[in-house]
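Per the numbering used here, the very first residue in the sequence shown carries number 280; after that it's consecutive. Quick reminder that beta carbons are idealized off the backbone N, C-alpha and C, glycines included. So the structure is just underneath, and the comments pick up after that.
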Amino acid sequence: NLPKASGDIAEFQFAANYILSRVKQICDQNGITFALCGGTALGAVRHGGFIPWDDDVDIDMLRADFNRLQKLLAADEEIVMKRYYKYRFDGTEAGHLTRIKLRRSDQYFIDIFPLDYMSIEAGREETAWKEKEAFCEEYTGKLREIFQRHGFRYKGTELAEAVPEMDAEVDALEKEYLQKYEHRFLADGQHTHFSRGVGVGRWLRSVYRIQKAEDYLPFEQDALLFEGERYGAYKNHEELLRYQYGDYWSLPRTLGQKHDYEHAAYSQADAALLNELRSKQKKNTEDKE
Numbered sequence: 280n281l282p283k284a285s286g287d288i289a290e291f292q293f294a295a296n297y298i299l300s301r302v303k304q305i306c307d308q309n310g311i312t313f314a315l316c317g318g319t320a321l322g323a324v325r326h327g328g329f330i331p332w333d334d335d336v337d338i339d340m341l342r343a344d345f346n347r348l349q350k351l352l353a354a355d356e357e358i359v360m361k362r363y364y365k366y367r368f369d370g371t372e373a374g375h376l377t378r379i380k381l382r383r384s385d386q387y388f389i390d391i392f393p394l395d396y397m398s399i400e401a402g403r404e405e406t407a408w409k410e411k412e413a414f415c416e417e418y419t420g421k422l423r424e425i426f427q428r429h430g431f432r433y434k435g436t437e438l439a440e441a442v443p444e445m446d447a448e449v450d451a452l453e454k455e456y457l458q459k460y461e462h463r464f465l466a467d468g469q470h471t472h473f474s475r476g477v478g479v480g481r482w483l484r485s486v487y488r489i490q491k492a493e494d495y496l497p498f499e500q501d502a503l504l505f506e507g508e509r510y511g512a513y514k515n516h517e518e519l520l521r522y523q524y525g526d527y528w529s530l531p532r533t534l535g536q537k538h539d540y541e542h543a544a545y546s547q548a549d550a551a552l553l554n555e556l557r558s559k560q561k562k563n564t565e566d567k568e
């Protein structure tokens with residue numbers, strides 16, 4: 280019964296929800312599955328939509344589908360996948376994340392995280408986690424070198440920025456390390472476990488660490504209701520929420536935006552784009568009726 284968001288958060292939530300709905304439409308048409316995750320999954324379970332103070336949308340997708348969606352969106356006129364780079368902890372932790380954004384604005388987006396399978400013997404999860412983290416930190420060191428060559432520096436905030444001139448080098452680096460990853464962690468071809476992708480920052484890899492695939496995969500289609508539309512979820516998604524949040528039905532002690540430093544002031548062009556999206560959404564609803 281908590282009141283919905285208002286003001287800038289409500290504006291961002293509307294745009295993010297529009298992007299999420301478009302992603303679902305494209306994925307459904309092409310046999311691609313994904314799961315709501317993090318605060319988005321929590322909001323779906325606890326609030327039936329956005330957590331009122333939440334200012335982002337998160338989805339997880341297996342690597343093969345992630346690559347397919349990237350190619351599909353490259354030809355889409357409205358939304359596109361784009362890499363953003365980030366430093367944390369005074370520039371000591373380098374990483375990148377991928378967002379699906381409106382082509383006409385950098386203000387509105389959702390976060391998408393690739394998942395990579397692993398082949399691990401039962402009981403070796405903790406050892407495998409340490410090995411994988413060492414591998415990821417090796418990648419991070421190479422990534423930091425690219426940052427330094429291009430003058431990408433920590434600016435006192437954890438702002439995620441698009442830096443197109445770095446993309447080609449990072450693409451090549453990620454491809455190299457994904458090949459090494461498959462050789463090292465999928466040598467026997469068994470998909471026993473999964474974790475978030477190599478290039479994803481440590482702060483995002485640690486959300487799930489390493490989990491057994493049979494416990495949470497495959498994704499369940501249309502399992503969660505989010506802002507009036509059904510979306511995919513992890514199998515046993517409530518168990519995964521407990522792993523991540525503990526007693527997730529209890530509200531946090533403090534309420535507020537987590538990413539307010541990432542959202543620039545809304546421009547007139549952004550406001551006009553939102554009005555266009557609202558008109559388009561209204562027309563689509565009327566057409567369905």
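Cβ pair residue i, residue j closer than 9 angstroms
i	j	result
residue 298	residue 387	yes
residue 392	residue 360	no
residue 365	residue 476	no
residue 324	residue 503	yes
residue 497	residue 312	yes
residue 389	residue 334	no
residue 510	residue 519	no
residue 473	residue 348	no
residue 469	residue 384	no
residue 371	residue 345	no
residue 532	residue 446	no
residue 452	residue 342	no
residue 471	residue 522	no
residue 296	residue 506	yes
residue 332	residue 401	no
residue 562	residue 489	no
residue 237	residue 487	There is no way to answer for residue 237, as the model of the chain reaches only from 280 to 568.
Residues near residue i by beta carbon distance below 6 angstroms, same chain, minus five either side
i	result
residue 301	358
Rounded straight-line distance, which links the Cα of residue j to that of residue i
i	j	result
residue 493	residue 549	43 angstroms
residue 434	residue 356	33 angstroms
residue 557	residue 286	16 angstroms
residue 560	residue 303	15 angstroms
residue 603	residue 455	Limits of the chain in this structure are 280 at one end and 568 at the other, which puts residue 603 out of reach.
residue 565	residue 508	16 angstroms
residue 536	residue 408	31 angstroms
residue 501	residue 307	11 angstroms
residue 328	residue 382	25 angstroms
residue 281	residue 527	16 angstroms
residue 555	residue 413	47 angstroms
residue 478	residue 429	18 angstroms
residue 441	residue 431	10 angstroms
residue 439	residue 530	27 angstroms
residue 552	residue 316	27 angstroms
residue 310	residue 499	13 angstroms
Cβ-based burial, residue i [other Cβ within 10 Å; buried from 16]
i	result
residue 353	exposed
residue 462	exposed
residue 368	exposed
residue 314	buried
residue 294	buried
residue 466	exposed
residue 403	exposed
residue 292	buried
residue 534	exposed
residue 380	buried
For residue i, the three-state DSSP class (helix, strand or coil)
i	result
residue 508	strand
residue 365	strand
residue 463	helix
residue 474	strand
residue 401	coil
residue 443	helix
residue 297	helix
residue 396	strand
residue 312	coil
residue 516	helix
residue 500	strand
residue 370	coil
Proximal residues to residue i (C-beta, below 7 angstroms), its chain only, five neighbours per side dropped
i	result
residue 330	318, 321, 322
residue 373	366, 419, 422, 423, 426
residue 416	none
Proximal residues to residue i (C-beta, below 8 angstroms), its chain only, five neighbours per side dropped
i	result
residue 460	395, 414, 477
residue 483	374, 376, 392, 475
residue 326	281
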